[in-house]
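J.:
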Amino acid sequence: MLFWRRRVEPVDRLIVGIGNPGPEYAKTRHNVGFRVLDALAKRLKVSKQEARFRGIYAVAQVEDLRVGLLKPLTYVNLSGQSVGEAVKQLNLQPEQILVVLDDAQLPLGKLRMRPKGSSGGHKGLQSIIDALQTEEIPRLRVGIGSPPEGVDMVTFVLSPFEDDEEPIIGEAVERAADAAIVWATEGINAAMQKFNK
Numbered sequence: 213m214l215f216w217r218r219r220v221e222p223v224d225r226l227i228v229g230i231g232n233p234g235p236e237y238a239k240t241r242h243n244v245g246f247r248v249l250d251a252l253a254k255r256l257k258v259s260k261q262e263a264r265f266r267g268i269y270a271v272a273q274v275e276d277l278r279v280g281l282l283k284p285l286t287y288v289n290l291s292g293q294s295v296g297e298a299v300k301q302l303n304l305q306p307e308q309i310l311v312v313l314d315d316a317q318l319p320l321g322k323l324r325m326r327p328k329g330s331s332g333g334h335k336g337l338q339s340i341i342d343a344l345q346t347e348e349i350p351r352l353r354v355g356i357g358s359p360p361e362g363v364d365m366v367t368f369v370l371s372p373f374e375d376d377e378e379p380i381i382g383e384a385v386e387r388a389a390d391a392a393i394v395w396a397t398e399g400i401n402a403a404m405q406k407f408n409k
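Quick note: the sequence shown uses our numbering, first residue 213, plus one each step.
1) Classify Gly357: buried if its beta carbon has 16 or more other beta carbons within 10 angstroms, exposed otherwise.
2) Need the endpoints of the beta strand (DSSP E) that Pro350 sits in, please.
3) Output the distance between the C-alpha atoms of Val311 and Leu282, rounded to the nearest integer angstrom.
4) Suppose you measure from the CA of Glu383 to the CA of Gly321; what does that come to, to the nearest Å?
5) By Cβ distance, which residues of its chain are closer than 7 Å to Val223, with the 5 residues on each side in sequence left out?
6) Could you give the uninterrupted runs of the beta strand (DSSP E) lying entirely in the segment 273–315, keeping only those of 3 residues or more?
7) Who does Leu226 pair with in a DSSP beta bridge?
8) Quick check: the Cα distance between Glu275 and Thr397, rounded to an integer number of angstroms?
9) Could you pull out every unbroken beta strand (DSSP E) segment of at least 3 residues lying fully inside the segment 328–389, listed in chain order?
10) Start and end of the beta strand (DSSP E) containing Arg326?
11) Of all the CB atoms in chain C, is at least one closer than 9 Å to the CB of Leu285?
12) Starting from Arg264 and walking both ways along the alpha helix (DSSP H), at which residues does that stretch end?
13) Of the choices Gly332, Pro359 and Lys328, whose alpha-carbon is the least far from that of Glu348?
14) Need the endpoints of the alpha helix (DSSP H) that Ala253 sits in, please.
15) Asn401: buried (16+ other C-beta within 10 angstroms of its C-beta) or exposed?
16) Relative to the C-alpha of Val385, which candidate in Arg264, Asp250, Glu221 and Asn232 has its C-alpha closest?
17) Taking the C-alpha atoms as reference points, what is the distance between Gly333 and Lys260?
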């Protein structure tokens with residue numbers, strides 16, 4: 213018996229949000245990337261999501277562009293498995309991808325977009341760099357603040373935001389969604405100019 217896999221429709225851009233699957237991780241600092249993707253899906257009125265590329269995948273129309281939205285379900289540290297599969301099947305170049313991730317070296321709520329660079333110690337981004345064999349991958353970092361004294365990094369990134377931090381990160385998530393749309397439609401330089409403040 214033959215099974216035909218449904219053809220993947222081409223996209224112009226791919227936005228990847230890094231996070232961990234499961235309700236126990238939903239509100240953690242490490243899942244800011246997922247929150248940005250959820251905000252984008254809502255704003256762009258995405259009606260259909262599917263299990264694809266070892267993640268949750270959807271396609272949105274942004275002006276005249278088809279933009280893929282991908283939340284890898286591989287857990288953060290193995291994000292490259294999902295992104296590598298997507299990039300191969302969608303036949304994309306690294307500059308057509310934007311990775312949205314948390315950054316504990318940035319102040320809470322601060323955004324920083326870059327066209328390339330090292331992982332900065334983020335294992336999810338490093339996994340993607342390893343899978344695509346290049347550091348020339350655009351990324352949007354969302355500041356989650358740094359751990360208080362006596363709290364190790366793993367505990368910190370897997371903890372939820374404090375009540376007084378939630379409004380700040382909520383606003384940052386919306387700005388990050390704005391930044392991702394500008395990146396898709398106007399390019400990385402325009403997005404960096406508007407949002408790297």
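A virtual CB, placed ideally from N, CA and C, is assigned to each residue, including glycine.
T.: Answer, in terms of the structure:
1) The residue given as residue 357 occupies position 145 in the sequence shown. Result: buried.
2) Along the sequence shown, one-based indexing puts residue 350 at 138. Per DSSP, Pro350 belongs to no beta strand (DSSP E) and is neither H nor E.
3) Residue 311 sits at position 99 when you count from the first residue of the sequence shown. Residue 282 sits at position 70 when you count from the first residue of the sequence shown. CA-CA distance, Val311 to Leu282, rounds to 10 Å.
4) The residue given as residue 383 occupies position 171 in the sequence shown. The residue given as residue 321 occupies position 109 in the sequence shown. So the two alpha carbons sit approximately 8 Å from each other.
5) As a position in the sequence shown, residue 223 is number 11, starting the count at 1. Closer than 7 Å at Cβ, skipping near neighbours: Val271, Arg278, Val279, Gly280 and Leu302.
6) Those beta strand (DSSP E) runs which fall completely within the segment 273–315 and span 3+ residues are 277–284 and 309–315.
7) What you label residue 226 is simply residue 14 of the sequence shown in a count that begins at 1. Looking at the DSSP output, Leu226 bridges to Gly280 and Ile309.
8) Here the question's residue 275 lines up with position 63 in the sequence shown. Here the question's residue 397 lines up with position 185 in the sequence shown. C-alpha separation (whole angstroms): 7 Å.
9) DSSP runs (the beta strand (DSSP E)) wholly in the segment 328–389: 351–355.
10) One-based indexing of the sequence shown puts residue 326 at position 114. If you look at Arg326, you'll find it in the beta strand (DSSP E) that goes Leu323 to Arg326.
11) Included in the structure is just one protein chain, with no chain C present.
12) To locate residue 264, count along the sequence shown from 1; it is residue 52. No alpha helix (DSSP H) holds Arg264; the beta strand (DSSP E) holding it covers Glu262 to Arg264.
13) Here residue 348 is taken as the residue at index 136 of the sequence shown, counted from 1. The residue from Gly332, Pro359 and Lys328 with its alpha-carbon nearest to that of Glu348 is Lys328.
14) Within the sequence shown, numbered from 1, the residue matching residue 253 stands at position 41. Ala253 -> alpha helix (DSSP H) spans Val244 to Arg255.
15) By one-based count along the sequence shown, residue 401 stands at place 189. Flag for Asn401 reads exposed.
16) Sequence index remark: in the sequence shown, residue 385 carries index 173 (1-based). Checking every option, the nearest Cα to that of Val385 belongs to Asp250.
17) For this step, residue 333 is matched to residue 121 along the sequence shown. For this step, residue 260 is matched to residue 48 along the sequence shown. Whole-angstrom Cα-Cα distance: 34 Å.
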